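> Take this structure, written in structure tokens, and hold onto it; I'll ask about it next.
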Amino acid sequence: MKVSGSENTVPVIVITGPTASGKTEVAIELAMKIGAEIISADSRQIYKNLTIGTAKPTSEQLNRVSHHFVDILHPSEEFSAGQFSRQARRQINNLRSQNINVVVTGGSGMYIESLLDGFFEPEISNKRIQQQLKDRAQIEGSEVLHTELQNVDPERAAELQLLDSHRIVRSLEIYYETGKKHSEWLKQPRIAADFPFILFALNWPRPVLYERIEKRVDRMLEQGLIAEVESVLGSGITRDTNSLLTVGYREVVQYLDNELSYDAMVDKIKQHTRNYAKRQMTWFKRDKRIQWIDCNEKSAHQIVDEILNALNIP
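Quick note: the sequence shown uses the numbering used here, first residue 7, plus one each step.
See the structure below:
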């Protein structure tokens, strides 16, 4: 397959889908087949030391295929979808200029959308409002602020995890400072990517996906998720750091602070992960460019073959 206006043999291939759908395994096998490097579009795998809870590729997998945007930031640092869009575009164009194929993979809808379609972030900041909202998130919980956002900007609220207090606070700050919904700001004219791309999403029957989620959470705990969180907290990272306010990490922090029993922690991680998967599916189904791959009873190898067949690549 020849792409018009490009020396590369294939467009940038995006592999997305809900959490626990098998994106990493498929992306790595695909990248090995077409000689590609991987751009990770995962808003948590970007952080160092957050490995088990983010289902980061293993050392062996990272050695098999070059990955970008994995393990590049300290957990205390913040990284927006706009920053990802700008940096990932530069990296992709650099790789393609060397005739290196690119596979993008991840389940962060905002990262993928900003990469492909551009990202508009209003240059608005009100420290007073921001601090008030942060204090409320700490005292009342991010779920309360998420409900507040749902009332004033339901479209934006649907895009954010209940525990993502940083982005919830930012969206409310923009609304209260300007009187305009963050979702409306984000619809301002954006500059689309200047490289060809094709999107695939991995689809599983809901009961099967939920079973995969349950098994993944159990596996994370067996691999030492609690010890990982203890280590991160021991390094000086506070529990209200944005990277620890995401599914899996927040519940473990609550367990370590005796706010949850062990069994309640496990149940909440599984419940919140299922809820996150639902929101991801809602996000992806809005994008009519996505080609859905039915993964039920298929191996990663079979899924990769299906993608290659769709691209007419032997």
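C-beta: ideal position from N, C-alpha, C; glycine also. In this text, all values refer to a predicted model and were calculated from it rather than measured experimentally.
1. Would you mind working out which of 194, 17, 85, 197 sits nearest residue 103, comparing C-alpha positions?
2. Quick check on residue 265: does DSSP put it in helix, strand or coil?
3. Under a Cβ-count criterion, where at least 16 other Cβ atoms within 10 Å of its own Cβ denotes burial, should residue 305 be classed as buried or exposed?
4. Hey, which unbroken runs of the beta strand (DSSP E) at 3 residues or more fall wholly within the region 93 to 120?
5. May I have a chain-ordered list of the alpha helix (DSSP H) segments no shorter than 4 residues that lie completely inside the region 236 to 310?
6. Run the proximity test for residue 32: is its beta-carbon closer than 8 angstroms to any non-hydrogen atom belonging to the ligand GDP?
7. Under 9 angstroms, do residue 59 and residue 205 count as touching if we go by C-beta distance?
8. If you drop the 5 nearest sequence neighbours on each side, which residues of the same chain put their C-beta closer than 7 angstroms to that of residue 162?
9. Taking only three categories from DSSP, how would you classify residue 9?
10. Let me know if residue 241 comes out buried or exposed under the rule of 16 or more other beta-carbons within 10 Å of its beta-carbon.
11. Would residue 145 be called buried (16 or more neighbouring beta carbons within 10 Å of its own) or exposed?
12. For residue 119 and residue 266, I'd like the C-alpha separation in whole angstroms.
13. Given this structure, state the Cα-to-Cα distance separating residue 320 from residue 42, to the nearest angstrom.
14. Does DSSP put residue 206 in a helix, a strand or coil?
15. Got a sec? Which residues, its chain only, sit under 7 angstroms from residue 97 by beta carbon, not counting five neighbours each side?
16. Residue 40 and residue 314 - do their beta-carbons sit closer together than 9 angstroms?
17. Give every residue of the same chain whose Cβ lies closer than 6 angstroms to the Cβ of residue 125, excluding the five residues on either side of it in the sequence, and list them in chain order.
18. Excluding the 5 residues flanking residue 256 on each side, which residues of the same chain have their C-beta closer than 7 angstroms to its C-beta?
19. If you draw a straight line from the C-alpha of residue 224 to the C-alpha of residue 23, how long is it?
The short version:
1. 17
2. coil
3. exposed
4. Inside the region 93 to 120, DSSP marks whole beta strand (DSSP E) runs of 3 or more residues at positions 107 to 111, from first to last along the chain.
5. 255 to 262, 268 to 291
6. The model on display carries no ligand, and the ligand GDP is accordingly not part of it.
7. No Cβ-Cβ contact shorter than 9 angstroms links residue 59 with residue 205.
8. So the list reads 155, 177, 187, 188, 189, once near-sequence residues are dropped.
9. Interpretation of residue 9 is limited by its pLDDT of 35, a score under 50 that renders its predicted location unreliable; no figure is taken from the coordinates.
10. By the 10 Å Cβ count, residue 241 comes out exposed.
11. exposed
12. Roughly 36 angstroms separates the two Cα atoms.
13. For residue 320 and residue 42, the gap between their C-alpha atoms comes out near 15 angstroms.
14. strand
15. 45, 74
16. yes
17. Closer than 6 angstroms at Cβ, skipping near neighbours: 87, 88, 91.
18. 169, 250
19. One Cα belongs to residue 224, the other to residue 23, and the distance between them is close to 21 angstroms.
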